[in-house]
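See structure below.
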Amino acid sequence: MAVTVKPQTAPLDVARIRADFPVLSRTVRGKPVVYLDNAATSQKPRQVIDAMRRVFEEHNANIHRGVYEFSERTTAAFEEARAKVARLLNAPSEREVIFVRNATEGVNLVAYSWGRENIKPGDRIVTTVLEHHSDFVPWQQLAKDVGAQVVVVDIDDEGRLRRDQLSAELRKGAKLLAITHTSNGLGTVNPVKEIAAEAHAVGATVVVDAAQAVPHTPVDVQALGADFLVFSGHKMLAPPGSGAVWGRTALLEEMRPFLYGGDMISRVTVSMTEWNELPWKFEAGTSSYVDAIGLGAAVDYLTDVSLERIHEHELSLVGYLLPRLGEIPGVTIYGPKTLESRVGVVSFNIEGIHPHDVATIFDREAVCVRAGHHCNQPLMTRLGVPATTRASFYLYNTIEECDALVRVVHAAKKVFGV
Amino acid sequence: MAVTVKPQTAPLDVARIRADFPVLSRTVRGKPVVYLDNAATSQKPRQVIDAMRRVFEEHNANIHRGVYEFSERTTAAFEEARAKVARLLNAPSEREVIFVRNATEGVNLVAYSWGRENIKPGDRIVTTVLEHHSDFVPWQQLAKDVGAQVVVVDIDDEGRLRRDQLSAELRKGAKLLAITHTSNGLGTVNPVKEIAAEAHAVGATVVVDAAQAVPHTPVDVQALGADFLVFSGHKMLAPPGSGAVWGRTALLEEMRPFLYGGDMISRVTVSMTEWNELPWKFEAGTSSYVDAIGLGAAVDYLTDVSLERIHEHELSLVGYLLPRLGEIPGVTIYGPKTLESRVGVVSFNIEGIHPHDVATIFDREAVCVRAGHHCNQPLMTRLGVPATTRASFYLYNTIEECDALVRVVHAAKKVFGV
Amino acid sequence: MDDMYRDYILDHYKNPRNFGELEGATHTYHDSNPLCGDEMTMQLKIDDGHVRDVHFVGKGCAISQASASILTEEVKGKTLDEVKAIDRDHVLANLGIPISPARVKCALLGLKALKGAAWGLTAWPGEEVKAK
Amino acid sequence: MDDMYRDYILDHYKNPRNFGELEGATHTYHDSNPLCGDEMTMQLKIDDGHVRDVHFVGKGCAISQASASILTEEVKGKTLDEVKAIDRDHVLANLGIPISPARVKCALLGLKALKGAAWGLTAWPGEEVKAK
Ligand SMILES: Cc1ncc(COP(=O)(O)O)c(C=O)c1O
Ligand SMILES: Cc1ncc(COP(=O)(O)O)c(C=O)c1O
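Protein chains in written order, with our numbering: chain A, 8 to 425; chain B, 8 to 425; chain C, 7 to 138; chain D, 7 to 138.
Here's what the structure looks like:
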């Protein structure tokens with residue numbers, strides 16, 4: 008297995024980047040931490056931590072309705088964060104960016120608000136076996152409630168979407184295509200642009216789960232041609248509690264709100280309510296405005312470093328790791344074996360050792376990886392395994408950390424005598 | 008108007024408390040800030056800010072499924088925050104505490120998850136004109152969708168609930184009583200315990216909006232006899248993004264989940280899903296775990312100071328302010344004129360000056376108050392005013408700040424020549 | 007303190023110019039800011055493409071009322087096209103006082119109603135179907 | 007590294023005691039931990055209130071399998087009441103290794119299945135109706 012990466016951009020100054028992340032200099036049981044669980048959540052640079060702290064210490068106040076300076080400053084910072092997200096995604100308008108807690112809430116917002124009005128009995132919802140539970144269970148439950156049908160498109164043995172099958176299913180008709188941009192279980196990147204065009208050709212609305220895409224690669228909603236796109240801030244250097252739904256204005260305008268309450272209204276009488284304008288119509292109650300401001304700071308950080316370069320950096324790590332891990336006897340790697348259309352996620356198993364035992368042994372060496380089904384149970388069933396061990400990279404990871412991972416694989420094998 | 012307060016507890020050491028809140032030592036246009044918008048959101052002590060920072064800097068990782076030390080520590084801190092909230096509310100079990108973004112999401116969770124399965128065409132939902140939009144619009148919309156009826160109980164001229172009317176409406180039958188514990192517009196405290204008993208007697212389920220109660224007074228869900236209770240963390244020293252629904256186990260067990268996705272499942276196949284246990288069944292996707300940990304630290308802080316003493320402190324401020332404000336010609340105070348069943352919220356208007364102009368003039372003097380409808384439009388309609396100016400107190404406010412408020416009222420009158 | 011509530015602002019607030027029903031109005035538009043309860047009706051008498059007369063009826067804060075009053079003085083005699091071209095920055099500049107972000111909506115309510123009237127709208131595009 | 011995966015743990019994992027179908031079982035209970043895919047069936051042969059024999063069938067991590075294996079050795083010959091009284095702390099202590107919070111469920115899966123069998127359950131109370 009020979010994989011190489013031809014960098015298009017200057018390599019990252021990883022040492023400088025690492026210095027921005029306080030947690031990365033910590034030790035666990037005396038050993039320097041090797042954090043390889045970035046697909047679950049990312050670490051935070053001091054720029055983000057400080058942006059949040061500054062709100063609390065300098066001008067905290069509730070947003071949007073305060074006629075005083077603190078409130079105006081906090082509102083401005085919050086809405087500026089929205090503008091940053093809009094620019095990051097190349098959204099046509101900031102009004103199309105709705106802050107939510109996480110990608111999961113984002114999918115649910117679309118499922119409740121758009122789905123319940125638009126999916127009818129007998130309608131077909133096409134999705135894939137790569138989906139995270141968060142982009143699967145909401146559609147499964149919606150389908151159950153309205154009597155629609157969920158069609159799950161398969162992958163090939165390298166973990167790539169069966170494009171033939173997907174096309175065939177779309178041709179049979181679909182009201183909705185719910186597709187992950189990037190698989191958190193295997194690292195596969197789906198050709199969403201082509202797929203979205205096919206879906207639109209049959210009149211389907213396209214929801215893209217970009218939870219693993221926005222943190223790691225440039226994502227342009229206009230170029231993709233999606234109708235809705237969701238992601239979580241906590242996987243992209245921002246705090247948990249931040250995230251967004253992007254949606255086309257025309258769709259969002261038509262949709263009924265999802266959550267009802269303060270701030271999303273324009274006028275309430277005892278008998279009726281008028282909704283606020285976009286995007287606030289979808290933001291009921293006090294937003295997680297400090298988390299959102301943290302997301303704004305994270306977007307700045309990622310943009311400064313450059314998502315293109317981050318992507319290349321991660322691929323260079325995968326390119327380094329794949330052959331070294333793959334050559335270890337008893338190691339099975341799941342997902343793409345090449346660097347094409349791929350991100351820095353490496354899922355594997357060691358024969359004779361359960362992934363949970365692998366992770367425990369890794370933990371003893373301060374190497375943090377995830378073991379389990381990764382909220383991908385249908386995918387695990389497809390792969391025929393109960394669980395995998397997953398290492399996932401980000402901008403601050405290094406070649407040395409790949410070496411550490413390989414070392415602990417050998418150590419685990421030694422402990423278990425396999 | 009003579010109001011006095013007989014303290015039952017030792018007075019707060021407000022100077023020491025203020026030293027914990029970095030934002031309170033700031034100035035706006037050279038003037039020390041006087042923050043009197045606590046019903047909108049509270050300021051945060053360094054204990055809370057630091058608790059959040061520590062997660063980011065010392066052991067951040069996604070919770071619940073990580074087999075490594077960072078994840079286990081973060082999970083423990085998150086679940087410990089849940090235990091703290093459970094203890095604060097005297098909940099019979101931690102499993103009954105569901106973390107949500109804010110009170111608004113909490114009410115929506117109950118409305119979607121319990122309401123849509125239990126409210127039937129023709130059912131009566133009894134609520135009050137004191138409700139915040141967040142405890143009104145979800146029920147109004149639910150009623151509209153299922154063909155139920157919303158009955159809005161009135162207040163008397165001092166802003167106290169018309170108990171006679173409420174009892175009469177309950178006697179006519181009710182499936183649900185949605186009632187605010189404490190009015191954010193007027194500061195009225197409702198006798199929820201007696202009312203809940205009456206509601207239960209006619210078989211109604213009782214949802215209590217405790218967004219203005221939990222931050223300011225001891226709240227015991229068992230003593231109250233509520234079925235569901237919601238509140239927001241950001242109004243009680245915790246970050247926005249934190250909050251909880253408390254519900255009875257028996258009800259929560261029966262309910263369908265609200266949001267679907269990662270973490271709230273136990274098993275997913277392409278054709279069905281089994282839910283996780285309480286409380287995680289209701290927590291889909293990555294929780295705002297850092298915000299929740301901040302809430303835990305806020306609970307510690309409030310408990311250390313003592314909510315009884317905080318309540319008395321706020322009443323002593325109201326007791327000081329009411330006569331001084333009330334004696335100013337042209338000032339109308341809305342809501343209870345005595346300290347009985349009341350919290351530290353003072354809503355008023357100055358004849359001849361619109362509340363927004365009042366707030367702007369106050370802002371020039373760095374006095375932060377809220378002007379508007381306070382997400383209480385039905386209440387404003389009832390009061391016959393478009394808006395009010397509202398000062399609301401918390402543990403760190405002082406008599407001197409009451410004096411400052413009175414001073415700027417005089418100044419505003421002078422500017423407007425009224 | 008007085009940088010915002012200058013005498014002429016308070017004067018326009020207390021003695022609004024061109025206030026009250028306009029008889030023979032050809033164009034009328036009502037708008038409001040439910041968040042603060044401000045109400046505003048602008049009425050134009052247009053003849054031969056020119057604003058022959060303009061009145062407003064409103065209630066609300068000093069900023070919204072003064073801004074509307076100042077605006078009516080300005081547009082009298084202007085062509086309809088000139089009225090349609092008045093923009094937000096112009097109105098804010100004309101007010102001559104610093105308007106904080108939270109108060110911009112107040113300051114522009116008169117302009118919004120004026121534009122609605124000038125364009126002959128019955129509702130702002132996109133807002134007709136908002137109520138549910 | 008070896009504080010957790012001691013030799014006897016690995017020995018129980020690789021050579022589980024009392025493993026396989028139990029002929030003539032009077033009590034059987036199956037449980038699983040879907041989060042990691044661990045599966046566990048405990049079978050008891052109860053006679054006169056005593057555990058005459060016990061077997062388990064399972065697959066999963068070393069901790070869950072070793073814990074179950076050790077447990078079967080312990081309960082043989084005990085009374086049903088003694089089995090019902092075994093608690094979580096006892097099992098964790100018996101394992102003799104530090105169990106981190108995330109692995110506690112693994113370590114206790116065998117006990118959970120054993121208790122289910124001993125109480126004659128078909129499902130854990132509250133879990134029957136979970137699937138939707
Ligand atoms: C009584 C009451 N209920 C509900 C809410 C809504 O709180 P949040 O915006 O945090 O959801 C508030 C806050 O303004 C409130 O005062
Ligand atoms: C592809 C994908 N979708 C959705 C999610 C859900 O993200 P969150 O838990 O932040 O809602 C994840 C995170 O694990 C993911 O990887």
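Even glycine gets a Cβ: it sits at the ideal position worked out from N, Cα and C.
Quick check: does the Cβ of residue i come within less than 7 Å of any heavy atom belonging to ligand 2?
{"i": "residue 216 (chain A)", "result": "yes"}
{"i": "residue 4 (chain A)", "result": "Within the shown structure, residues of chain A are numbered from 8 to 425, placing residue 4 (chain A) beyond reach of any answer."}
{"i": "residue 71 (chain B)", "result": "no"}
{"i": "residue 148 (chain A)", "result": "no"}
{"i": "residue 47 (chain A)", "result": "yes"}
{"i": "residue 223 (chain A)", "result": "no"}
{"i": "residue 191 (chain A)", "result": "yes"}
Could you check if residue i belongs to the surroundings of ligand 3, using beta carbon to heavy atom distance under 7 Å?
{"i": "residue 382 (chain A)", "result": "Ligands displayed in this structure: ligand 1 and ligand 2; ligand 3 is not among them."}
In or out: residue i buried (at least 16 other Cβ within 10 Å) or exposed?
{"i": "residue 51 (chain B)", "result": "buried"}
{"i": "residue 21 (chain C)", "result": "exposed"}
{"i": "residue 127 (chain A)", "result": "exposed"}
{"i": "residue 428 (chain A)", "result": "Residue numbering for chain A in the displayed model covers 8 to 425; residue 428 (chain A) lies beyond these limits and cannot be assessed."}
{"i": "residue 261 (chain A)", "result": "exposed"}
{"i": "residue 5 (chain D)", "result": "In the structure as shown, chain D starts at 7 and stops at 138, and residue 5 (chain D) therefore has no counterpart that could be examined."}
{"i": "residue 204 (chain B)", "result": "exposed"}
Apart from the five residues on each side of it in sequence, which residues of its chain come closer than 6 Å, Cβ to Cβ, to residue i?
{"i": "residue 105 (chain D)", "result": "98, 113"}
{"i": "residue 73 (chain D)", "result": "101, 113, 116"}
{"i": "residue 39 (chain C)", "result": "111, 115"}
{"i": "residue 214 (chain A)", "result": "117, 185, 235"}
{"i": "residue 298 (chain B)", "result": "246, 248, 249"}
Report whether the distance from the Cβ of residue i to the nearest heavy atom of ligand 1 is below 7 Å.
{"i": "residue 141 (chain B)", "result": "yes"}
{"i": "residue 268 (chain A)", "result": "yes"}
{"i": "residue 21 (chain D)", "result": "no"}
{"i": "residue 5 (chain B)", "result": "Here chain B comprises residues numbered 8 to 425, so residue 5 (chain B) is not present and cannot be evaluated."}
{"i": "residue 241 (chain B)", "result": "yes"}
{"i": "residue 197 (chain B)", "result": "no"}
{"i": "residue 110 (chain B)", "result": "yes"}
For residue i, I'd like the list of residues in its chain whose CB is within less than 8 Å of its CB, leaving aside the five on either flank, ordered along the chain.
{"i": "residue 417 (chain A)", "result": "335"}
What residues in its chain sit with their C-beta under 7 Å from that of residue i, if we drop five residues either side in the sequence?
{"i": "residue 23 (chain D)", "result": "75, 78, 79"}
{"i": "residue 229 (chain A)", "result": "97, 99"}
{"i": "residue 68 (chain C)", "result": "11, 15, 16, 19"}
{"i": "residue 38 (chain A)", "result": "372, 373"}
Anything in chain E within Cβ reach of residue i, meaning under 7 Å, just list it in chain order.
{"i": "residue 393 (chain B)", "result": "Going by chain labels, chain E is absent from the structure shown, which instead holds the protein chains A, B, C and D."}
**OP:** Anything in the region 29 to 45 of chain D with a Cβ closer than 8 Å to a Cβ of chain A? List those residues in chain order, please.
**Re:** 40, 41, 42, 43, 44
Subject >> Residues, ordered as in the chain, of the region 14 to 36 of chain B that lie near chain C by beta-carbon distance below 9 Å >> reply: none
**OP:** At 3 residues or longer, and completely inside the region 269 to 312 of chain A: list those beta strand (DSSP E) runs for me, N to C.
**Re:** 272 to 275, 280 to 282
**OP:** With 7 Å as the limit, tell me which residues of the region 281 to 296 of chain A have their beta carbon closer than that to any beta carbon of chain C; keep them in chain order.
**Re:** 281, 282
Original post:
the region 369 to 382 of chain A: which residues have C-beta closer than 9 Å to a C-beta of chain D, in chain order?
Top reply: 370, 371, 372, 378, 379, 380
Subject >> Any alpha helix (DSSP H) of 4 or more consecutive residues that is wholly inside the region 198 to 262 of chain B >> reply: 199 to 208, 228 to 231, 256 to 261
Original post:
For the region 58 to 89 of chain B, which residues have a CB atom closer than 9 Å to at least one CB atom of chain C, in sequence order?
Top reply: none
**OP:** Taking only beta carbons into account, state which residues of the region 103 to 117 of chain C come closer than 9 Å to chain A, listed in chain order.
**Re:** 106, 107, 108, 109
Subject >> Contained alpha helix (DSSP H) runs [length at least 4] in the region 68 to 95 of chain A, N- to C-terminal order >> reply: 76 to 95
**OP:** Give, in chain order, every residue of the region 58 to 70 of chain D whose Cβ lies closer than 9 Å to some Cβ of chain A.
**Re:** 65, 66, 67, 68, 69, 70
Subject >> Positions along the region 264 to 276 of chain A whose CB lies within less than 9 Å of some CB in chain B >> reply: 264, 265, 266, 267, 268, 269, 270, 271, 272, 274, 275, 276
Original post:
Can you list, in chain order, the residues of the region 397 to 408 of chain B whose Cβ is nearer than 7 Å to any Cβ on chain A?
Top reply: none
**OP:** Determine which residues of the region 174 to 198 of chain A have a Cβ less than 7 Å from any Cβ of chain B, and write them out in chain order.
**Re:** none
Subject >> Length-filtered (3 minimum) beta strand (DSSP E) runs lying within the region 349 to 416 of chain B >> reply: 352 to 357, 377 to 379, 395 to 399
**OP:** Compile a chain-ordered list of the residues in the region 99 to 124 of chain A whose CB is closer than 7 Å to at least one CB of chain B.
**Re:** 108, 109, 110, 111, 112, 114, 115
Original post:
Fully enclosed by the region 147 to 182 of chain B, which alpha helix (DSSP H) runs are 4 residues long or longer?
Top reply: 170 to 178
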